[in-house]
């Protein structure tokens, strides 16, 4: 089991030893970095392609239809067909568009989603770059996509895309605050920002030590996951590309490969957010029997299934509800959650559970009461009786 | 590691560019951008000095940088609020067109 | 009712649907899409597509007598009939030209109801797409001909009912002919008895 | 390992050059939107230099706050205020040449000072990690930490009050 668990680490070490025999020392370290980068550069787009297929299959099954099965055995080559279609499609640049930002936007939206792969621990000893500010790096990188979305929406000189850009920027900013604050309890308990230490802090008891099984962890997980879904502009929060209202939001004027880049950035974001949620709350690669990286991918794809499940079920929510949820419900809940985690840190045994659970349940109930939507008073019809 | 003097020259250059921008720009938002540059140049100096010169208290410079970043964000927020309020009233944000104290 | 339960119920519905779609039978909750080219749904008997002309046994004896009723009845006027004439110009009961323009025909089936000679019926064949709209989709008489056995194969109940009706009409006609023949003979026999008293003298004088 | 350190040094000098170029661009570009983007690039360059100084926490905070929030704020302000497309109004006022001369003079004086003073060449202690920064923030600098949180709250509310739509006080002439 040990070799299967460390199969990637050992194979990399094997390659490096082989290179070491005839290359100077510093080239080997460069090669080590190059191998990790190549692994991510392959993993990113491939996960994106097969996430599109998984999404179409799962949503199909939820609506009693089969989903793509013409290209390849069960539609397995469908992503390749999509890719070729995207490559051959004509790339239209709107007249009078701001050429610089129109061209740079898709590139600048893919870079952060690829960078985010660097801090996710795929398995035991398989964190691409083990920064000791890992989680903060992830949040900083995912916050830079706002600029790229602005460039896309302003560069394509189209009212719909500017509307979409404004909406998505407002949404990204207001959901980034609860996302950052919901990670604070995990750092507080795990004692370190590095993703690998967080996963190690959740070891033991065959998985019962995961943070999601503590009251504050459960709330933080729900909030982090909701904010992650909002960050990727997906499912109930996909207002920026609300097809029914504003055509396709900030990527209306993009076609061909540029549109595919936006698509790829969205799916890679959803993979990295699910990966981080699994790392922070579901014990990353911790798991009883299976090899560590398999556990990580199982948990991440389970979370991605939940994201797709949201897309198959929930309708799009209004802008004011979207903002209200972020600022009036999630934000106070995360602050209370940090308080609860602090108390959890200082108390022991049953008192620990009692205090935190009661505080969180009480605040949840209170917040739902406060946010009870006002019922508009009866409409007065002037002319119609 | 690169020598401290090169870092200082770099931040001096940033400072000078920021000053030039702040003086020459007509658009108030442009001036705010240049002020951001000046603040960043100063913050960079603090970290550089804390990494090179100080023996004991290593964190002082880094913490000062964090405070500068926080203050710069606060300054930008207030500055832009003023710009928006100004634009709503005077319909222009060209600095040389706003020359009346009370209108 | 705490805050999130409404959403959870909704999510459970789609999850149940997702899971049951794998092992439920098509009509109660499973997947009912039929993957068309490989598997096909059997066509209902009264399914109507473009018309075809019927012939018994061999393509020569067409049922259609070129009476032009269906051409007059056809709402979009997509049938064109020209009667056949034999060598010395006597009209025959056969259409020389019987064209149906499939791009115009809306397969309404009025020609089938209007035809008194059971000559034209609606077909089940729908895979007739072609590259050229004008030449290939204008069907001539020989393209439209289909045998009665084919008719029985695609519309068994209708075909047998029609054949039974035709056989009866056949017998009735035969019986009528037989009766007419008998009546004819009887009239001649009666006429023959009424004239024997005066001798057949005029034969010599003419 | 010598070539690697050379590589890092070259990288740092490259980042310095790029961020200087971006700073000049952000100052001189007529279109204010492009200027804001150039500033974002310059700030990313500066974050890279912080990484070069092993101050990872500062680099990440810089990216998070500046490139994530301040530039977005600036772009919001740009979109709400002026019509960027019109090239009619000149972006720079008349002081260009004079200010350039003064700036160059200032820069040369600074460089002469920097060159003349002997700076310590090697870095002394190891770089402060996030935990040391946290301890220091809660330890000796806790007063400053509280003051800045008060300031940020004041700024938060102040900015909203100023930018609010219907201000009863100011009425257009």
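Chains as they are written, first to last, in the numbering used here: chain A, 78 to 462; chain B, 18 to 120; chain C, 6 to 211; chain D, 211 to 383. Beta carbons are placed, not taken as given, at the ideal position from N, Cα and C, and that holds for glycine. Fair warning: this is a prediction, and the values are worked out from it, not measured in the lab.
Fewer than three pairs of CB atoms, one per stretch, sit closer than 8 Å, so the segment 404–419 of chain A makes no contact with the segment 329–342 of chain A. At a cut-off of 8 Å, the C-beta of residue 362 (chain A) has no neighbouring C-beta in chain D. Nearest Cα to residue 408 (chain A) within the set A:383, A:384, A:441, A:314: A:441. Under the Cβ distance rule, residue 220 (chain D) does not count among the residues neighbouring chain B, no pair being separated by less than 8 Å. Under the Cβ distance rule, residue 303 (chain D) counts among the residues neighbouring chain B, one pair being separated by less than 8 Å.
Contact check between the segment 198–213 of chain A and the segment 137–149 of chain A: fewer than three CB pairs, one atom from each, fall below 8 Å, which does not count as touching. For residue 264 (chain A), the CB contacts under 7 Å within the same chain, skipping 5 residues up- and downstream, are 212, 270 in chain order.
Membership of residue 153 (chain A) in any alpha helix (DSSP H) is not indicated, and neither H nor E is assigned to it by DSSP. For residue 343 (chain D), the C-beta contacts it makes with chain B under 9 Å involve 76, 79, 80, 83, in order along the chain. Chain D places no beta carbon closer than 8 Å to that of residue 374 (chain A), leaving this residue out of the contacts. Taking every protein chain shown into account, the CB of residue 224 (chain A) has 16 or more other CB atoms within 10 angstroms, so this residue is buried.
Within the DSSP bridge table, the entry for residue 52 (chain C) names no partner.
Proximity of chain B to residue 346 (chain D) at the Cβ level (cut-off 7 Å) is accounted for by 76, 80, in chain order. Taking 8 Å as the upper bound on Cβ-Cβ separation, chain C lies near no residue of the segment 398–418 of chain A. Within the same chain, Cβ atoms closer than 7 Å to the Cβ of residue 109 (chain A) are found at 93, the five residues on either side in sequence being excluded. The criterion of a C-beta distance shorter than 8 Å is not satisfied by residue 250 (chain D) and residue 97 (chain B). One thing to note: residue 156 (chain C) has its Cβ within 8 Å of the Cβ of residue 164 (chain C). Of all residues in the segment 273–291 of chain D, the ones placed with a Cβ closer than 8 Å to any Cβ belonging to chain A are 273, 274, 277, 278, 279, 281, 282, 285, 286, 289, in chain order.
Secondary structure note for residue 88 (chain C): its beta strand (DSSP E) is the uninterrupted segment 84–90. Residues of the segment 130–151 of chain A with a Cβ closer than 8 Å to any Cβ of chain C, in chain order: 135, 138, 139, 140, 141, 142, 143, 146. Sixteen is the threshold: when 16 or more other Cβ atoms of the shown chains lie within 10 Å of the Cβ of residue 128 (chain C), as they do, the residue is buried. Apart from sequence neighbours up to five positions away, the residues of its chain that approach residue 112 (chain C) with a beta-carbon distance below 8 Å are 53, 54, 55, 56, 127, ordered along the chain. In its chain, beyond the 5 residues on either side, 332 have a beta carbon closer than 7 Å to the beta carbon of residue 169 (chain A). Any Cβ of chain B closer than 8 Å to the Cβ of residue 325 (chain D) would place that residue at the interface, and such an atom is present.
Residue 302 (chain D) is bridged by DSSP to B:42. Counted as a single uninterrupted DSSP element, the alpha helix (DSSP H) harbouring residue 242 (chain D) occupies residues 242–262. A residue is called buried when at least 16 other Cβ atoms come within 10 angstroms of its Cβ; residue 328 (chain A) meets this threshold and is buried. Under DSSP, residue 104 (chain C) takes part in a beta bridge, and its partners are C:85. Ranking D:243, D:304, D:338, D:229 by CA distance to the CA of residue 78 (chain B) puts D:338 first. Note on geometry: alpha-carbon atoms of residue 116 (chain B) and residue 302 (chain D) lie some 17 Å from one another.
Between residue 241 (chain A) and residue 259 (chain A), the C-beta spacing is not below 8 Å. Taking 8 Å as the cut-off, the beta carbon of residue 210 (chain A) is found closer than this to the beta carbon of residue 266 (chain D). Beta-bridge partners assigned by DSSP to residue 96 (chain C): C:90. Taking the CA atoms as reference points, residue 276 (chain D) sits about 45 Å from residue 99 (chain A). If you check each beta-carbon in the segment 207–230 of chain A against every beta-carbon of chain D, the ones closer than 8 Å belong to 208, 209, 210, 213, 214, 216, 217, 218, 220, 221, 223, 224, 227, 228.
Contact between residue 396 (chain A) and residue 303 (chain A) is absent: CB atoms are separated by about 16 Å, not below the 8 Å threshold.
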